[in-house]
Amino acid sequence: MDKSIATNIKLGAFVLAGTALLITAIYFIGQKQSMFGNSSMVYAVFRDINGLKPGNNVRYSGINVGSVKDITMVADTVVVIRFGLRKDILPHIKSDAHAIIINDGLVGNMIVNILPGKSTGRPLQGGDTIRSFARIRTDEMLSTLSVTNENAALLTAELLKITRDISGGKGVISSMISDSTIARDLKETIHHLRHTAEASNKALVNINRLVVSLDKNNNLLGMVRDTMLPKTIKQTLSNIENSSGEISVVIRQLNDLIANADTTVTNIRKGRGAINYLSNDRNFVDKVDRTVTDLDSAVLQINNAAIRLNQSLEALRYHWLLKGSFKKMEKEKAGKKE
Amino acid sequence: MKLLNTLIRSVLNYLEELGQLSRFAGKFFREVVRRPFEGRELLRQCYNMGNKSLLLVGVTGFIIGLVFTLQSRPKMLELGAAAWLPSMVSISIVREIGPIITALICAGRIGSGIGAELGSMRVTEQIDAMEVSGTNPFKYLVVTRILATTLMIPILVVMSDAIALFGSFLVESIKGDVSFRLYFDEVFASLDFIDIIPATLKTFFFGFAIGLVGSFRGYYCKHGTAGVGVAANTAVVETSMLLFVLDFLAVMVTDIFY
């Protein structure tokens, strides 16, 4: 390669590197000031901008989201600030947000700080004007401090007066401090209070024990507190109610029965029906008695006849003529059983 | 009376030289827009002044960044402002230290080189020979050198600034455990166009001054070979003084506009 060409290439690389560095620096500085990014312009109106300058940062939730572009005075006490906000941040800032001008740190630059609202408003859009807070100025703070100091001085003077009175023996507090009788009374009162507290403590322990015993089911209150008891009582009442209904039916039937018995007794007394005949006719009773006696003797005779018949039949079983038939009958019986 | 006469003569000589320098500068502005353009010679001079100075400027810038941070760090720590170190170092280097130190180094290396080279050409009558042969020595020798310094010094300053900031970052990284991104985020957050644009613009004037004074001293070199050394020496001294004056003027102008 020709020497001059190589030299030119090296020179070109050198110039390119230097220019690239410069452009990079300009780009990064510009980016910090939101010059190259997509930003939307938003406005805020202040009475006093406290030395804010174009290029100062705009901060939201601690993030640098843009920079101040223009500052315009539109009236004697109205200053309009136009600042660019990053478009990706814009949807997160609601229209009820507030702008305030503050120092970045103790000795830093002025910045516009956007404070979030109640998040009820619509997202901020380009061209919107957000509300602003007037910054509390140092002289205002000093003025407030001055008033506070005056009040503190008055309070101290009053306190000093009270302390002097107490030291001089004036008033109740002074008496309490200096009089030994009050101190002794106070000591006794505390002693009594301690005793009372101990007695109260014991009483509370007893009450607690009582309450714990009441909580069990083996006493009346415990039963009352038992949740199953109302159900059982209800069931019992229901059963009693049913039983009373059935008792009522039974009583009604008994009444009917008694009425019928009464009628029967009346009929018997009047000589109507078989019972009257059975109870009042003596001949009939004698006839019945005799009949029964006859029946008794007849039954006895029948029994005797039956015994004799059994003996005869037993004898027939062993007779050669009928013996086979009886055996056959026994076999058939045994087969049926199996 | 004799002292007064000497003083008056010195003032008159100074004014005469200033006038000659102004005429020399005027001639440069006339010749720079006239054909023929010595492009090849310009590129050669740019290479000699830019590329060949990069190592010196780079090393100097790196050491400045290191030393400046090392020296500032303890005090900043005492104040509880170690986090401001990148901001402080970057503004100092970009606004002032980088341009002026680089320009002074270039005045030493390039200014003296131009003075000595042109002076030796003058005393060996090479310039006269060029005039006789029909070549415009001013255009070929002076215009190309002044243009080269004017164009190369800003680039050298930008590179020196970058290298110095890198040196500063190294110290912060080792001593303060600061990440590269955090350091340069802080640097660019603290820098503004008001820092970088006037600082870069004034380096063009620095480059022009280095080339102009060096060429002037060499072009009008007298008294043989001894005069070559004087020309080189004078070029460095006068350029250095002129650089500070220009720096002061640049700061004044910047202060007026911003």
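Top to bottom, those sequences are chains A and B. Counting from 1, position 21 in the first sequence corresponds to residue 900 in my numbering; the numbering is continuous, with no gaps. Counting from 1, position 225 in the second sequence corresponds to residue 1126 in my numbering; the numbering is continuous, with no gaps. Even for Gly, the Cβ is constructed at its ideal location relative to N, Cα and C.
**OP:** Specify the secondary structure class of residue 934 (chain B) as computed by DSSP and reduced to three states.
**Re:** coil
Original post:
Hey, quick one: how far does the alpha helix (DSSP H) through residue 1016 (chain B) stretch, first residue to last?
Top reply: 1013–1024
Original post:
Touching or not, the stretch 914–923 of chain B and the stretch 972–979 of chain B, by the rule of three or more beta carbon pairs under 8 Å?
Top reply: no
**OP:** Tell me whether residue 965 (chain A) sits in a helix, a strand or coil according to DSSP, three-state version.
**Re:** strand
Original post:
Which partner residues of residue 938 (chain A) appear in the DSSP bridge assignment?
Top reply: A:943, A:992
Original post:
Nearest to residue 1003 (chain B) by alpha carbon, out of B:950, B:935, B:1091?
Top reply: B:950
**OP:** Using a Cβ cut-off of 8 Å, pull out every chain B residue sitting near residue 962 (chain A), in sequence order please.
**Re:** Those do not exist, as residue 962 (chain A) stays about 16 Å from chain B at its closest Cβ, beyond 8 Å.
Original post:
What residues from chain B crowd round residue 890 (chain A), counting only those whose CB sits closer than 8 Å?
Top reply: 944, 947, 948, 951, 952
**OP:** Indicate whether residue 1047 (chain B) and residue 1141 (chain B) have their beta-carbon atoms separated by less than 8 Å.
**Re:** no
Original post:
residue 951 (chain A): buried (16+ other C-beta within 10 angstroms of its C-beta) or exposed?
Top reply: exposed
Subject >> Reference residue 1008 (chain B), options B:1156, B:1133, B:943, B:1157, closest by Cα >> reply: B:1133
Original post:
So which residues of chain A does residue 1060 (chain B) contact, with C-beta pairs closer than 9 Å?
Top reply: 893, 896, 897, 900
Subject >> Helix, strand or coil at residue 1123 (chain B) [DSSP, three-state] >> reply: coil
Subject >> Beta-ladder partner(s) of residue 1055 (chain B), from DSSP >> reply: Residue 1055 (chain B) pairs with nothing; no bridge assigned.
Subject >> Beta-bridge partners of residue 982 (chain A), as assigned by DSSP >> reply: A:989
Subject >> residue 1101 (chain B): contacting residues in chain A (beta-carbon distance under 8 Å) >> reply: 901
**OP:** Using alpha carbons as the reference points, say which of B:1103, B:1125, B:985 lies closest to residue 1154 (chain B).
**Re:** B:1103
**OP:** Whole angstroms is fine: what's the gap from residue 1178 (chain A)'s alpha carbon to residue 1194 (chain A)'s?
**Re:** 24 Å
Original post:
Which residues bound the beta strand (DSSP E) around residue 924 (chain A)?
Top reply: 918–925
Original post:
Would residue 1097 (chain B) count as contacting chain A if we go by Cβ distances under 8 Å?
Top reply: yes
**OP:** At 7 Å on the CB atoms, spell out the chain B contacts of residue 908 (chain A), in chain order.
**Re:** 1089, 1092, 1093, 1094, 1097
Original post:
Within the 8 Å Cβ cut-off, does residue 905 (chain A) reach chain B?
Top reply: yes
Original post:
Which bits of chain B does residue 941 (chain A) rub up against, with CB to CB less than 7 Å?
Top reply: Residues of chain B passing the Cβ test: none, with the nearest at roughly 14 Å.
Original post:
Can a CB atom of chain A be found closer than 8 Å to the CB of residue 1056 (chain B)?
Top reply: yes
Original post:
In this structure, does DSSP put residue 1175 (chain A) in helix, strand or coil?
Top reply: helix
**OP:** Using the DSSP secondary-structure output, state which residues sit across from residue 977 (chain A) in a beta bridge.
**Re:** A:994, A:1010
Subject >> Buried versus exposed, by CB contacts within 10 Å (16 or more), residue 946 (chain A) >> reply: buried
Original post:
Under a Cβ-count criterion, where at least 16 other Cβ atoms within 10 Å of its own Cβ denotes burial, should residue 1215 (chain A) be classed as buried or exposed?
Top reply: exposed
Subject >> Boundaries of the alpha helix (DSSP H) in which residue 1073 (chain A) is found, first to last residue >> reply: 1059–1093
Original post:
On the three-state DSSP scale, how would you describe residue 1143 (chain A)?
Top reply: helix
Subject >> residue 952 (chain B) versus residue 921 (chain A): straight-line alpha-carbon distance, rounded >> reply: 48 Å
Original post:
Would you say residue 957 (chain B) reaches chain A, if we count a Cβ-Cβ gap shorter than 8 Å as a contact?
Top reply: no
**OP:** Give the secondary structure of residue 1107 (chain A) by DSSP, where H, G and I count as helix, E and B as strand, and everything else as coil.
**Re:** coil
Original post:
Alpha carbon to alpha carbon, how far is residue 1002 (chain A) from residue 983 (chain A)?
Top reply: 26 Å
**OP:** From the DSSP output, read off the bridge partner residues of residue 949 (chain A).
**Re:** A:961
Subject >> Three or more C-beta pairs below 8 Å linking the stretch 1022–1034 of chain B and the stretch 1061–1081 of chain B >> reply: no
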